[in-house]
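Asks:
Protein chains in written order, with the working numbering: chain Y, 29 to 505; chain E, 29 to 505.
1. One question on the structure: do residue 434 of chain E and residue 308 of chain E come within less than 8 Å of each other, judged by their Cβ atoms?
2. Is the Cβ-Cβ distance between residue 205 of chain Y and residue 319 of chain E less than 8 Å?
3. Would residue 115 of chain E be called buried (16 or more neighbouring beta carbons within 10 Å of its own) or exposed?
4. What does the Cβ neighbour count give for residue 149 of chain E, buried or exposed, with the cut at 16 atoms within 10 Å?
5. Decide if residue 385 of chain Y is buried, meaning its Cβ has at least 16 other Cβ atoms within 10 Å, or exposed.
6. How about residue 349 of chain E: is its C-beta nearer than 8 Å to some C-beta of chain Y?
7. For residue 296 of chain Y, count the other beta carbons within 10 Å of its own beta carbon; 16 or more makes it buried, fewer makes it exposed. Which is it?
8. Would you mind telling me which residues of chain E sit closer than 9 Å to residue 11 of chain Y, beta carbon to beta carbon, in chain order?
9. Using the rule of at least 16 other Cβ atoms within 10 Å of the residue's Cβ for burial, across every protein chain shown, is residue 267 of chain E buried or exposed?
10. Does the beta carbon of residue 443 of chain Y come closer than 8 Å to any beta carbon on chain E?
11. With 8 Å set as the bound, which would you pick, yes or no: does the beta-carbon of residue 390 of chain Y sit closer than that to a beta-carbon of chain E?
12. Quick one: what does DSSP say residue 182 of chain E is sitting in, helix, strand or coil?
13. Can you pull the chain Y residues whose beta carbon is under 7 Å from the beta carbon of residue 425 of chain E, in chain order?
14. Mind checking whether the beta-carbon of residue 309 of chain E lies closer than 7 Å to any heavy atom of the ligand NAP?
15. For the segment 305-316 of chain Y, list every residue whose C-beta sits within 9 Å of some C-beta in chain E, in sequence order.
16. Answer with yes or no whether the minimum CB distance from residue 319 of chain E to chain Y is below 8 Å.
17. Name the two residues that bound the continuous alpha helix (DSSP H) containing residue 292 of chain E.
18. To the nearest angstrom, report how far apart residue 324 of chain Y and residue 271 of chain E are at their CA atoms.
19. So residue 492 of chain E is in the beta strand (DSSP E); what residue range does that whole segment cover?
20. Would you check if the distance between the CB atom of residue 172 of chain Y and the CB atom of residue 274 of chain Y is smaller than 8 Å?
21. Would you report the Cα separation of residue 335 of chain Y and residue 421 of chain Y, rounded to the nearest angstrom?
22. Check residue 376 of chain Y in the structure and name its three-state DSSP category.
23. Under three-state DSSP, which class holds residue 432 of chain E?
24. Strictly below 9 Å CB to CB, what residues from chain Y border residue 146 of chain E?
25. Counting C-beta neighbours from all protein chains within 10 Å, is the total for residue 125 of chain E 16 or more, i.e. buried, or is it exposed?
26. Which of the three DSSP states, helix, strand or coil, is assigned to residue 469 of chain E?
27. Quick one: Cα of residue 24 of chain Y to Cα of residue 418 of chain E, how far?
28. Return the first residue and the last residue of the beta strand (DSSP E) that residue 137 of chain E is part of.
29. Could you list which residues in chain Y have their beta carbon closer than 8 Å to that of residue 370 of chain E, in chain order?
30. Can you tell me whether residue 165 of chain E is buried or exposed, with buried defined as 16 or more other CB within 10 angstroms of its CB?
31. So who's on the other strand from residue 154 of chain E, going by DSSP bridges?
32. Shortest alpha-carbon distance to residue 487 of chain E belongs to which of E:197, E:215, E:365 and E:499?
33. Does any residue of chain E bring its CB to less than 8 Å from the CB of residue 420 of chain Y?
34. Quick check: residue 300 of chain Y and residue 500 of chain Y, are their CB atoms within less than 8 Å of each other?
35. Looking only at C-alpha atoms, which of E:262, E:178 and E:161 sits nearest to residue 225 of chain E?
36. Hey, out of E:184, E:200 and E:424, whose CA is closest to residue 193 of chain E's CA?
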């Protein structure tokens with residue numbers, strides 16, 4: 029296995045078509061609505077408000093489905109992007125604030141030749157990125173945000189004021205917030221093989237992209253990529269801006285893996301590391317559970333070994349993808365979230381059709397499948413398989429044991445697991461803390477105590493806003 | 029919905045072909061081996077012994093695959109069973125003890141016409157049952173054991189001395205054990221739609237059975253059945269033996285649901301109730317998660333809406349069934365179990381083929397699929413769908429809320445959830461305790477503290493052997 033540093037040539041340009049991100053992470057919206065509902069449970073009209081919110085979001089979302097195919101086509105032909113480079117950081121800080129909402133714009137970054145962790149070549153690699161705040165003169169105020177499995181670089185702000193929801197960590201990123209954009213230049217990058225390949229606000233390279241050598245989509249000929257590759261692509265974006273140091277790197281879930289990998293692979297870069305609902309290494313249980321997510325896709329008769337791009341979308345494995353997203357969604361939640369949803373939609377154990385017809389589905393199942401279907405409409409089945417693989421292949425440092433990888437880390441570390449997490453359970457963070465302690469690195473470890481499960485690390489992160497603010501305010505040593 | 033009591037005519041006979049149950053619940057064996065390993069972790073040769081055990085079991089199991097089709101055929105034609113009734117209880121206590129192992133025999137019970145909870149008719153319903161210990165003269169010493177999702181009535185003992193493993197709760201059922209067969213007459217019944225339709229030691233009626241009206245397998249025309257139906261079939265077996273009272277009913281997981289349903293539906297019968305890793309009602313999360321188990325089957329191109337019995341077994345949805353069993357198996361376990369297995373099979377995060385080939389699978393995944401495939405060989409895909417439905421449709425009392433159902437219970441109650449359970453988490457037992465307390469029924473609640481997850485309720489039950497013994501020794505009031 030090659031551990032060679034990448035030979036990368038880079039280009040960065042502004043995105044051509046910034047626009048509303050209507051369906052940005054539906055689950056997040058539901059969680060926020062749910063949290064809101066919990067807070068307002070004593071308010072008489074809370075229940076009906078909640079039901080209305082669900083209905084409104086469902087309606088808005090369905091309108092986006094029609095653009096998927098055309099969006100796919102435009103994504104697939106993005107490889108002719110220019111090689112303009114924006115060198116002045118001020119050119120990139122295009123976000124402004126309207127009515128307390130940061131208005132942000134997706135940027136595009138291209139790498140002409142990227143060498144993967146395993147030594148494979150990806151030509152004309154493209155990813156999107158966005159930033160919040162202003163890069164200071166000595167470029168010492170950079171905080172990199174790394175995103176979760178079904179997320180993308182839209183960590184905060186809105187593309188336009190009328191967007192239904194801001195980026196996923198908007199509660200802690202912005203002017204005066206815990207990650208204060210009056211002080212920090214905050215930047216985030218769409219991952220390779222990003223699951224939302226057909227989201228107009230995501231720019232990624234993966235199996236659904238055109239292979240420049242063949243003029244056809246890669247499909248399963250795309251090379252296996254890893255967290256180190258995600259990190260190296262981010263590093264390329266940062267270097268294109270003249271950045272050589274991170275005040276901090278922070279991310280939830282899969283984003284935590286990238287953040288930890290940053291601190292281990294490039295210890296000279298990373299001064300502070302915030303790992304939220306994270307893991308320092310896949311383990312036997314996690315690897316096997318991640319594989320369960322791929323099963324509905326590979327069993328779907330329309331999967332066809334990943335060769336479906338040449339067919340009409342009705343012949344794509346969308347049912348399998350939807351089932352996969354339903355399983356992922358449930359994995360990231362906790363029974364209490366479901367209990368609240370069930371109460372709102374009128375779920376009962378003894379539903380008449382479920383009692384009489386083996387083919388009927390409980391209302392809760394229909395609810396989950398409906399939401400999963402809306403999310404899946406902008407996603408790609410093959411991309412999901414590659415993302416799962418990248419997560420299965422993660423061990424801090426990407427060469428030995430977790431402990432060996434942690435030994436490299438010089439950063440000051442904050443760990444924020446969620447007590448109700450059923451996916452990356454708190455033992456992952458505790459193992460990181462124990463491993464760092466052996467190398468005299470005393471990580472701060474605090475728990476998110478809400479009832480949302482894994483999702484606490486996104487929808488509930490504001491519970492530790494002041495912890496994060498204080499962690500960032502401290503000197504490194 | 030009909031809540032009419034069943035109109036049942038019954039018959040009971042000895043099973044024709046008691047024989048070795050070679051593959052009875054493989055997972056149980058692995059768990060036991062794992063526990064053994066954990067206990068022996070300081071012993072130098074523990075690791076290789078463990079690996080050998082896995083290998084031996086895999087070899088033994090593969091030998092049983094060849095009998096599946098013939099076994100299916102014999103099961104499917106079992107409807108010509110006689111209507112002999114064994115009235116004398118002593119005739120049923122055929123088990124004897126050889127070298128401290130109870131040798132037991134499967135019995136057969138037929139109900140000519142069974143009316144389901146929803147008012148449908150099943151003709152010539154057959155189930156298997158077995159018993160341990162001797163029914164006393166006034167038939168006051170009966171303990172009914174109700175089995176879990178992938179289990180059957182083989183709760184204790186062996187069919188022959190050379191069986192690899194005894195029944196799943198053998199650690200607490202037997203002469204001098206917590207459920208002492210020197211004192212109690214212990215009986216267990218194969219569930220309707222039992223998943224192990226092709227296990228020669230399971231007798232069940234479900235979609236794989238021949239519909240006497242058509243001469244063809246039911247497939248998905250089999251009626252939806254519920255925990256109340258499982259209970260009513262058990263009641264029919266008991267009544268055929270002249271039994272009208274249960275000293276106790278006890279079961280793990282789905283068995284707990286049946287036990288609780290017994291105490292709520294027939295409160296005059298049940299003096300003591302032991303609910304292990306149980307639930308008093310499916311809830312929104314559980315119902316949705318159970319549905320995930322069905323997805324690989326219904327997506328399998330060979331599923332064909334449940335119509336596969338007329339095809340050669342190579343055309344059955346065995347891949348989907350195997351994936352379903354893999355998910356169920358993982359659901360019932362905890363990361364620590366996987367960590368131990370991973371260490372034994374040499375699982376590593378960065379496996380060469382997994383790094384280079386998107387189609388390759390991590391060794392842990394191959395391990396789980398191998399074990400699931402062995403278990404699936406004796407199981408039926410449609411039966412799994414019906415079992416899931418029965419679990420989704422469970423609420424104590426089967427007509428109102430959990431609390432209403434609990435209000436009927438007169439039994440003294442012992443609850444034994446497992447702290448590491450990721451499937452039926454301890455909150456289920458805590459809700460039962462809270463619900464009973466409202467009706468002045470102070471349940472005993474103790475936790476299984478091992479690291480096996482849900483499986484603690486089966487493989488780890490001996491940790492509370494003395495709790496169970498004391499609970500049974502106490503007067504009811």
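Note that beta-carbon positions come from the ideal geometry of N, C-alpha and C, so glycine has one too.
Since the structure is predicted, the reported quantities are computational estimates derived from the model, not experimental observations.
Replies: This is what the structure gives:
1. Numbered from 1 along the second chain, position 406 holds the residue referred to as residue 434 of chain E. Numbered from 1 along the second chain, position 280 holds the residue referred to as residue 308 of chain E. It is a contact, given that the beta carbons lie within the stated cut-off.
2. By one-based count along the first chain, residue 205 of chain Y stands at place 177. By one-based count along the second chain, residue 319 of chain E stands at place 291. Not closer than 8 Å, so no.
3. As a first step, residue 115 of chain E must be located in the second chain, where it is residue number 87. Low confidence applies here, because residue 115 of chain E scores a pLDDT of 31, under 50, leaving its location unreliable; read the following figure in that light. Residue 115 of chain E comes out exposed.
4. The residue you call residue 149 of chain E lines up with position 121 of the second chain. Looking at its Cβ environment, which holds fewer than 16 other Cβ atoms inside 10 Å, residue 149 of chain E is exposed.
5. To locate residue 385 of chain Y, count along the first chain from 1; it is residue 357. Classification of residue 385 of chain Y: exposed, given that the 10 Å Cβ count is below 16.
6. Here the question's residue 349 of chain E lines up with position 321 in the second chain. At a cut-off of 8 Å between C-beta atoms, residue 349 of chain E does not count as an interface residue with respect to chain Y.
7. Here residue 296 of chain Y corresponds to residue number 268 of the first chain, with the count starting at 1. Under this definition residue 296 of chain Y is an exposed residue.
8. There is simply no residue 11 of chain Y to check, as chain Y begins at 29 and stops at 505 in what is shown.
9. Counting from 1 along the second chain, the entry for residue 267 of chain E is found at position 239. Exposed, since its Cβ has fewer than 16 Cβ neighbours within 10 Å.
10. Within the first chain, residue 443 of chain Y is the residue found at index 415, counting from 1. Not an interface residue.
11. Counting from one through the first chain, the residue named residue 390 of chain Y turns up at place 362. Residue 390 of chain Y counts as touching chain E.
12. Start at 1 with the first residue of the second chain, and residue 182 of chain E comes out as number 154. Coil at residue 182 of chain E, not helix or strand.
13. Along the second chain, read from residue 1 onward, the residue named residue 425 of chain E stands at position 397. Chain Y residues near residue 425 of chain E: none, gap ~10 Å exceeds 7 Å.
14. What this structure holds is no ligand at all, so the ligand NAP is not there to describe.
15. Those residues of the segment 305-316 of chain Y that come within reach of chain E (Cβ to Cβ, closer than 9 Å) are 309, 310, 311, 312, 313, 314, 315 and 316.
16. Mapped onto the second chain, residue 319 of chain E falls at position 291. Interface flag for residue 319 of chain E against chain Y is set, since a Cβ pair is found closer than 8 Å.
17. If you number the second chain from 1, residue 292 of chain E lands on position 264. Start and end: 282-293.
18. One-based indexing of the first chain puts residue 324 of chain Y at position 296. One-based indexing of the second chain puts residue 271 of chain E at position 243. Cα to Cα, residue 324 of chain Y sits roughly 47 Å from residue 271 of chain E.
19. One-based indexing of the second chain puts residue 492 of chain E at position 464. Per DSSP, residue 492 of chain E belongs to no beta strand (DSSP E) and is neither H nor E.
20. Working through the first chain from its first residue, we reach residue 172 of chain Y at position 144. Working through the first chain from its first residue, we reach residue 274 of chain Y at position 246. Cβ distance < 8 Å, so residue 172 of chain Y and residue 274 of chain Y count as in contact.
21. By 1-based counting over the first chain, the position of residue 335 of chain Y is 307. By 1-based counting over the first chain, the position of residue 421 of chain Y is 393. Cα to Cα, the separation comes out at about 24 Å.
22. Start at 1 with the first residue of the first chain, and residue 376 of chain Y comes out as number 348. Coil, per DSSP.
23. As a first step, residue 432 of chain E must be located in the second chain, where it is residue number 404. Three-state result, residue 432 of chain E: helix.
24. The count along the second chain starts at 1 and reaches residue 146 of chain E at position 118. Result: 383 and 384.
25. Stepping through the second chain from its first residue, residue 125 of chain E is reached at position 97. With fewer than 16 other Cβ atoms within 10 Å, it is exposed.
26. Residue 469 of chain E sits at position 441 when you count from the first residue of the second chain. Of the three classes helix, strand and coil, the one that applies to residue 469 of chain E here is coil, per DSSP.
27. This structure cannot speak to residue 24 of chain Y, because chain Y is shown only from 29 to 505.
28. For the purposes of this step, residue 137 of chain E is taken as residue 109 along the second chain, with counting starting at 1. 135-143 is the span of the beta strand (DSSP E), which, as asked, contains residue 137 of chain E.
29. Stepping through the second chain from its first residue, residue 370 of chain E is reached at position 342. Neighbours of residue 370 of chain E on chain Y, chain order: 311 and 312.
30. By one-based count along the second chain, residue 165 of chain E stands at place 137. Classification for residue 165 of chain E: exposed.
31. Locating residue 154 of chain E in the second chain gives position 126, where the first residue counts as 1. In DSSP, residue 154 of chain E forms a bridge with E:138.
32. Counting from one through the second chain, the residue named residue 487 of chain E turns up at place 459. If we check each option's Cα against that of residue 487 of chain E, E:197 comes out closest.
33. On the first chain, position 392 is the one that residue 420 of chain Y refers to. Yes, its Cβ sits closer than 8 Å to a Cβ of chain E.
34. Mapped onto the first chain, residue 300 of chain Y falls at position 272. Mapped onto the first chain, residue 500 of chain Y falls at position 472. Cβ distance < 8 Å, so residue 300 of chain Y and residue 500 of chain Y count as in contact.
35. As a position in the second chain, residue 225 of chain E is number 197, starting the count at 1. Of E:262, E:178 and E:161, the residue nearest in Cα terms is E:178.
36. The residue you call residue 193 of chain E lines up with position 165 of the second chain. Residue 193 of chain E has its Cα closest to that of E:184, out of E:184, E:200 and E:424.
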